[in-house]
Structure formats: structure tokens, C-alpha cells
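Novice: Mind having a look at this structure? Questions to follow.
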Amino acid sequence: MNRLVKLGDFLRSRRARVDPESVGLIVRGHRRVTGLRREELAQLAGVSVDYYTRLEQGRSKNASPVVLDAIARALQLGETERKHLFHLANPICIPTRCGKVRPQRVRQATHILLDTLERGDIPAAVIGLGTDILAANLMFRAMMTGFDAMSPRERNLARFVFLDPRSRALHLDWEVIAADATAMLRFSIGRHQHDPRLHELTMELCLHSEDFRRIWDEHHVIDRISGTKRYQHPAVGAFTLGYQALTLPGDADQMLLIYTDDPASPSGSALQLLAKWARSSDYDASDSPARSPA
Numbered sequence: 001m002n003r004l005v006k007l008g009d010f011l012r013s014r015r016a017r018v019d020p021e022s023v024g025l026i027v028r029g030h031r032r033v034t035g036l037r038r039e040e041l042a043q044l045a046g047v048s049v050d051y052y053t054r055l056e057q058g059r060s061k062n063a064s065p066v067v068l069d070a071i072a073r074a075l076q077l078g079e080t081e082r083k084h085l086f087h088l089a090n091p092i093c094i095p096t097r098c099g100k101v102r103p104q105r106v107r108q109a110t111h112i113l114l115d116t117l118e119r120g121d122i123p124a125a126v127i128g129l130g131t132d133i134l135a136a137n138l139m140f141r142a143m144m145t146g147f148d149a150m151s152p153r154e155r156n157l158a159r160f161v162f163l164d165p166r167s168r169a170l171h172l173d174w175e176v177i178a179a180d181a182t183a184m185l186r187f188s189i190g191r192h193q194h195d196p197r198l199h200e201l202t203m204e205l206c207l208h209s210e211d212f213r214r215i216w217d218e219h220h221v222i223d224r225i226s227g228t229k230r231y232q233h234p235a236v237g238a239f240t241l242g243y244q245a246l247t248l249p250g251d252a253d254q255m256l257l258i259y260t261d262d263p264a265s266p267s268g269s270a271l272q273l274l275a276k277w278a279r280s281s282d283y284d285a286s287d288s289p290a291r292s293p294a
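Numbering of the sequence shown is given in full-length UniProt numbering, commencing with residue 1 and proceeding in unit increments.
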């Protein structure tokens, strides 16, 4: 699927999401169209209906930033959705266009940071392009059940969420986690449309997961995640953690994912139990992932 087809799909999905009354339109009687009509969106954006139709149908290349900005405002896009729109409509300098795939490497300083967080019983991992888990400390590996036994290819958030049955048992809010992983993958593809790894992953998930196909068709995009996650861990039981994704310097496609909670809370106690279990003889860390070169 080329970028203009993806652009059309994205525009249609966002147009269907906008409530006409939220943009000041008066709704009378039954509307056969969910959300805005094309002519209504074009009027709100200040472009001709013909131009917007060609854009949505993939027949208009390289829309100007001014037009894209106007359409983004009319569609009430968030900042991440706006970036995704620009990536699809008018990409600039895609490094993998000639078939070269840039290896993902984690800096030595980031590995040291992961180890430092581990000493504070804080689970942390580096998430790369397409939700690949590039590096993780012992606390994260213990929290994500079965991580040490995974092959490097399997160490991917989206692949774990949709294709590993342990994910549903581990995540009490599985649907939210699945939506976040899908939206992050879609944003990665928008930024790197010619990276074959991302398209292979998407095709694999579409082939093997009906849930992925359903969520993928919703066209949500995010580039960073934060919030809370509820777990049911086989070793320490139920707990809730806050999590935050931080951008790492030097690579816009990498983020540091950190999980924290109040040590005095029940979840904080669970983290302490997780740390004791991870460092005990009952936990086998012999298959921990090798570090990538700095």
C-alpha cells in the first residue's frame, strides 16, 4: 500500500470521527455519513471540494504545509496525528528509500542508565522503531514474563501483545495496551514508509491476529505513551504501575520506557517482591539479551 492510499485511509477515518456539531454545523434529520461530509471538511479547511477529494483519493501529491495545517485543524488532530498526516502527505528525505535499513543501536550511556534504574528497583527498557525492545534491565525482563526466553525477533511490544498468549494474562487492561502498541507501530510506519521490517511486522500481525486487524483499521497514531498499567504477574500477583516514555537524545526513534510507583503503596511492595524474585535463584536470567554496541 503506497503512502497516498494510506493518506486517504487516514483522512477518511479522521473525518468520520469529527462530530458536526462540535465544529458549529447544524444537523437536521438523519445523516447517512458518519462524521463530516467531504464538502463540510473542505469548507472548514478553506480548500475546494475537488482538491480535498483528490487528496483523499490519493490523486494529489505533495500538498503544501499550509493546506495540511488547515486540514489538520478542521479534523481536530492532536499533535501526533498532525505529524503523521505530514509524514504521509509530504515526506521529506526518507533514509531507507534505496533499500538500506539503518541498524538500531543503543548507546552505552543508555545501558548504564538502565542499570542505575535497576538498582532502584525500577523497570525500564529502550523501545525502538516499530516497538522493538532494544534493551531492558533485569526488572523489566522479570516483569514481562518469559522475556529472557524470547528470540531477538520476538522482543517486540506489538508482537508480544498480539501473538503471545502470556500478554493477555499479564495485562489486565489488555485492550488499552494493544491500542497503544498498534498506534505506535502506525506512527513508525508513517515516519519510515520504506522500511521493509515495519511492513513485514504489520503483515505478520494482520495475518495472525484478528484483534490487530480490528484495531489497525481505527487508524490511531501516537509517538509517546504514558499512563498506568495493571498487571497480574505469576510470581508476585496483581499490581498497578505508572509509566512514562522519554525521548532519548541522538535518536528520535528511540524512547526510554520507565515504570514507577510509590514504594509505600501496595504496588511499590509488589515491585520490591519482583526485585527479590528477579535476583533469586528461582529466576533464570541466563538468556538475558546481549547489549548492542554503543
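Idealized CB from N, CA, C, for every residue including glycine.
Note that the coordinates shown come from a computational prediction; the quantities given were computed from them, not determined experimentally.
Which value, in whole angstroms, describes the spacing of the CA atoms of L241 and A178?
Specialist: The residue you call residue 241 lines up with position 241 of the sequence shown. The residue you call residue 178 lines up with position 178 of the sequence shown. In a straight line, the C-alpha of L241 is about 17 Å away from that of A178.
Novice: Could you check if R186 is buried or exposed, using at least 16 other CB atoms within 10 Å of its CB as the buried criterion?
Specialist: Stepping through the sequence shown from its first residue, residue 186 is reached at position 186. Flag for R186 reads buried.
Novice: Flag this pair as touching only if the stretch 153 to 172 and the stretch 226 to 240 have three or more C-beta atom pairs under 8 Å; answer yes or no.
Specialist: The stretch 153 to 172, when compared against the stretch 226 to 240, does touch it at the 8 Å Cβ threshold.
Novice: So, V5 versus G78, is the Cβ gap smaller than 9 Å?
Specialist: Residue 5 sits at position 5 when you count from the first residue of the sequence shown. Residue 78 sits at position 78 when you count from the first residue of the sequence shown. Contact flag unset, no.
Novice: Give the straight-line distance between the Cα atoms of A149 and L114, rounded to the nearest whole angstrom.
Specialist: One-based indexing of the sequence shown puts residue 149 at position 149. One-based indexing of the sequence shown puts residue 114 at position 114. So the two alpha carbons sit approximately 20 Å from each other.
Novice: Give every residue of the same chain whose Cβ lies closer than 7 Å to the Cβ of A142, excluding the five residues on either side of it in the sequence, and list them in chain order.
Specialist: To locate residue 142, count along the sequence shown from 1; it is residue 142. Answer for A142: L274, W277, A278, Y283, listed in chain order.
Novice: Taking 6 Å as the limit between beta carbons, can you name the residues of its chain near G190, skipping five residues before and five after?
Specialist: Locating residue 190 in the sequence shown gives position 190, counting from the first residue. H84, H87, L88, listed in sequence order.
Novice: Would M139 pass as a contact of A124 if the rule is Cβ separation under 9 Å?
Specialist: Position 139 of the sequence shown, counted from the first residue, corresponds to residue 139. Position 124 of the sequence shown, counted from the first residue, corresponds to residue 124. A contact, by the Cβ cut-off of 9 Å.
Novice: Given that a residue counts as buried once 16 or more other Cβ atoms are within 10 Å of its Cβ, and exposed if not, what is I222?
Specialist: Locating residue 222 in the sequence shown gives position 222, counting from the first residue. That one is buried.
Novice: Note down, one range per segment and in chain order, each alpha helix (DSSP H) of at least 4 residues found wholly within the UniProt domain "HTH cro/C1-type" (35 to 83).
Specialist: Counting only runs of 4 or more, we get 38 to 45, 49 to 56, 65 to 74.
Novice: Among residues of its own chain, excluding the 5 on either side of G250, which ones have a beta-carbon nearer than 8 Å to its beta-carbon?
Specialist: What you label residue 250 is simply residue 250 of the sequence shown in a count that begins at 1. Taken in chain order, the residues that qualify are R107.
Novice: To the nearest angstrom, how far is the alpha carbon of A122 from that of Q244?
Specialist: Residue numbering aside, residue 122 sits at position 122 when the sequence shown is read from its first letter. Residue numbering aside, residue 244 sits at position 244 when the sequence shown is read from its first letter. The residue asked about is misnamed: residue 122 is Ile in this sequence, not Ala. I122 and Q244: Cα-Cα distance of roughly 12 Å.
Novice: Counting Cβ pairs closer than 8 Å, one from the stretch 59 to 70 and one from the stretch 190 to 202, do we hit at least three?
Specialist: Counting Cβ pairs under 8 Å, fewer than three are found: no touch.
Novice: For the putative contact between L134 and Q254, defined by C-beta atoms under 8 Å, what is the C-beta separation to the nearest angstrom?
Specialist: For the purposes of this step, residue 134 is taken as the residue at position 134 of the sequence shown. For the purposes of this step, residue 254 is taken as the residue at position 254 of the sequence shown. Yes, they are in contact, since the Cβ atoms of L134 and Q254 sit about 7 Å apart, within 8 Å.
Novice: Verify whether the separation of the beta carbon atoms of A74 and V18 is less than 9 Å.
Specialist: Working through the sequence shown from its first residue, we reach residue 74 at position 74. Working through the sequence shown from its first residue, we reach residue 18 at position 18. Cβ atoms of A74 and V18: closer than 9 Å.
Novice: Do you know offhand how far L257's Cα is from T116's?
Specialist: Here the question's residue 257 lines up with position 257 in the sequence shown. Here the question's residue 116 lines up with position 116 in the sequence shown. Approximately 14 Å, taken between the alpha carbons.
Novice: Locate the alpha helix (DSSP H) running through G190, then write down its first and last residues.
Specialist: For the purposes of this step, residue 190 is identified with residue 190 of the sequence shown, where counting begins at 1. G190 -> alpha helix (DSSP H) spans 174 to 191.
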